[in-house]
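One structure is given below, encoded as structure tokens.
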Amino acid sequence: MSLDQDIRTITISFILFWLVIIILIIYPIFQLRRTLKRIKNFEKI
Amino acid sequence: MTRTLPKFMRTNLLLYISITMLLINLFLIFGLTVSNLIVWETTGDPNRLVYMIFFYHVSGAWLGYFSFGVSLLSHGLYLKNNKILFSRIGKNSIIVGVFFTAFALITGSLWYNATVAGYGSRPEDYWQWSDGRQTMTFVLLISYIAFLIFRSMIEDKEKKARLSAALGIVLFPTVPLSYFSAIIFETLHVLISPIPEATGNIYWEPLKMFMLLFNLIAMTIFFVYIVKKLVDLDLEKEKLEILIQKRLMEA
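What follows is the structure, given as structure tokens:
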């Protein structure tokens, strides 16, 4: 019982950790790309 | 700003280093636990795998505290030098800190729930308001979320930077309060102890401490990379805003 719970707890925690890492990596990259694209479009006008 | 930075700050090198270190550590945590080279045994709660959570929970909490420390320093420097870059570093450090403090709180609750029987609580319990560390860290998290909401509500850039710098400094005492709450007040929180017999605590084993330190270094490098990226993003967003205003003026 406690082993199952331990495995479940560890899995959730480790997935959550890597999820936070991935979100923090991806968010600025995509936002930067979007912003640069908008700047480029504005400069074209 | 970008041109004056050393090459490793301009590339993704810091990201590659930190991710590699984190992956090595992940491999070590599982490898050494499976091969019984590190044993998760505390007095009164023997052989519990759940204690593996320790490396990530502590790393998350460390990065939270560290981020808020950097924000305090940056906000202080902004008030002294009036350079907007410091305000941006301060705000972005807080964003990273909020993410990792929330992570530390969630993993802390899960850890508490998994070991709840040892504290004589109900199996469905995830939260204990009477616990100093848990409650104070929650107060810390809410305070810094409020900071981000407050900052986003101010339009004027100068005013935004100055007021948020002041607020960032005022909020900082919640960090030492959260840290020392486990020492000052009565707590259920597990501590790292140099004494092997200390009930419910994690023994100060050199291998575990090395792995923890390794993770902390990796996380700190990751923090530098992310804050740099978020500051770059703010710079480009500002460029866009200026461009929009210019076009509006022309129209």
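In order, the protein sequences belong to chains A and B. Residue numbers for the first sequence follow the working numbering, so the first one is 1 and each next one is one higher. Residue numbers for the second sequence follow the working numbering, so the first one is 1001 and each next one is one higher. Built from N, CA and C at the ideal position, the CB exists for glycine as well. It should be emphasised that the depicted structure is a prediction, and the values quoted were computed from it without experimental measurement.
DSSP state of residue i mapped onto helix, strand, coil
i	result
Ser1130 of chain B	coil
Thr1002 of chain B	With a pLDDT of 49 at Thr1002 of chain B, under the threshold of 50, the modelled position of this residue cannot be trusted; read the value that follows with caution. If DSSP states are grouped into helix, strand and coil, Thr1002 of chain B belongs with the helices.
Ile23 of chain A	helix
Ile1029 of chain B	helix
Ile1202 of chain B	strand
Pro28 of chain A	helix
Ser1178 of chain B	helix
Thr1011 of chain B	coil
Asn41 of chain A	helix
Phe1185 of chain B	coil
Leu1141 of chain B	helix
Val1039 of chain B	coil
Pro1154 of chain B	Note that residue 1154 of chain B is Ile in the sequence shown, not Pro. Coil, per DSSP.
Ser1121 of chain B	coil
Ala1251 of chain B	coil
Arg34 of chain A	helix
Arg1048 of chain B	coil
Residue interval of the alpha helix (DSSP H) (run including residue i)
i	result
His1075 of chain B	Ile1053 to Asn1081
Val1190 of chain B	Taken as a continuous stretch (DSSP letters only), Val1190 of chain B belongs to no alpha helix (DSSP H), as it is neither H nor E.
Asn1113 of chain B	Ile1084 to Ala1114
Ala1165 of chain B	Lys1157 to Leu1171
Buried or exposed (CB count within 10 angstroms, at least 16 for buried), residue i
i	result
Lys1083 of chain B	exposed
Lys1208 of chain B	buried
Ser1078 of chain B	Just to set this straight, residue 1078 of chain B is Tyr in the shown sequence, not Ser. Classification for Tyr1078 of chain B: buried.
Arg1010 of chain B	exposed
Val1170 of chain B	exposed
Ala1182 of chain B	buried
Asn1025 of chain B	buried
Tyr1056 of chain B	buried
Gly1031 of chain B	exposed
Ala1117 of chain B	exposed
Arg1048 of chain B	buried
Ser1152 of chain B	exposed
Contacts of residue i in chain D (Cβ-Cβ under 9 Å)
i	result
Ile22 of chain A	As a matter of chain content, chain D is missing from the structure shown, whose protein chains are A and B.
heavy atom of the ligand GDP below 6 Å from residue i C-beta
i	result
Leu1191 of chain B	The ligand GDP is absent from the structure shown, which contains no ligands of any kind.
* Asked: Going along the region 26-37 of chain A in order, which residues come within less than 8 Å of chain B, judged by CB to CB distance?
  -> Listed by position along the chain: Pro28, Ile29, Gln31, Leu32, Thr35 and Leu36.
* Against chain A: residues of the region 1091-1115 of chain B by CB proximity under 8 Å -> Those residues of the region 1091-1115 of chain B that come within reach of chain A (Cβ to Cβ, closer than 8 Å) are Val1096, Phe1099, Phe1100, Phe1103, Ile1106, Thr1107, Leu1110, Trp1111, Asn1113 and Ala1114.
* To do: For the region 1022-1042 of chain B and the region 1233-1242 of chain B, state whether three or more C-beta atom pairs, one from each stretch, are separated by less than 8 Å.
  => Touching, no.
* Cβ-based contacts, 9 Å cut-off: residues of the region 1-16 of chain A near chain B -> So the list reads Ser2, Leu3, Gln5, Asp6, Ile7, Arg8, Thr9, Ile10, Ile12, Ser13, Phe14 and Leu16, given in the order they occur along the chain.
* Any contact of the region 1063-1074 of chain B with the region 1108-1117 of chain B, i.e. 3+ C-beta pairs under 8 Å? -> The region 1063-1074 of chain B, when compared against the region 1108-1117 of chain B, does not touch it at the 8 Å Cβ threshold.
* Check each residue of the region 1046-1058 of chain B: if its Cβ is closer than 8 Å to any Cβ of chain A, include it; give the result in chain order. => Residues Arg1048, Leu1049, Val1050, Met1052, Ile1053, Tyr1056 and His1057.
* Touching by the beta-carbon criterion (3+ pairs, under 8 Å), the region 1092-1110 of chain B and the region 9-21 of chain A -> They touch, by the three-pair rule.
* What residues from the region 1212-1240 of chain B come within 8 Å of chain A, judged by C-beta to C-beta, listed N to C? -> Residues Phe1222, Ile1226, Lys1229, Leu1230, Asp1232, Leu1233, Glu1236, Lys1237, Lys1239 and Leu1240.
* Which of the residues in the region 1144-1162 of chain B, read from start to end, lie with their CB under 9 Å from any CB of chain A? -> Legend: CB atoms of the region 1144-1162 of chain B lying less than 9 Å from CB atoms of chain A are not found in any residue.
* To do: Could you tell me whether the region 1123-1137 of chain B touches the region 1174-1189 of chain B, where touching means 3 or more Cβ pairs closer than 8 Å?
  => They touch, by the three-pair rule.
* Say whether the region 1053-1067 of chain B touches the region 1090-1101 of chain B, bearing in mind that this needs 3 or more beta-carbon pairs closer than 8 Å, one atom from each stretch. => Contact between the region 1053-1067 of chain B and the region 1090-1101 of chain B is present, because at least three Cβ pairs lie under 8 Å.
* Cβ pair count under 8 Å reaching 3, the region 1226-1233 of chain B against the region 25-41 of chain A -> Enough Cβ pairs lie closer than 8 Å, so yes.
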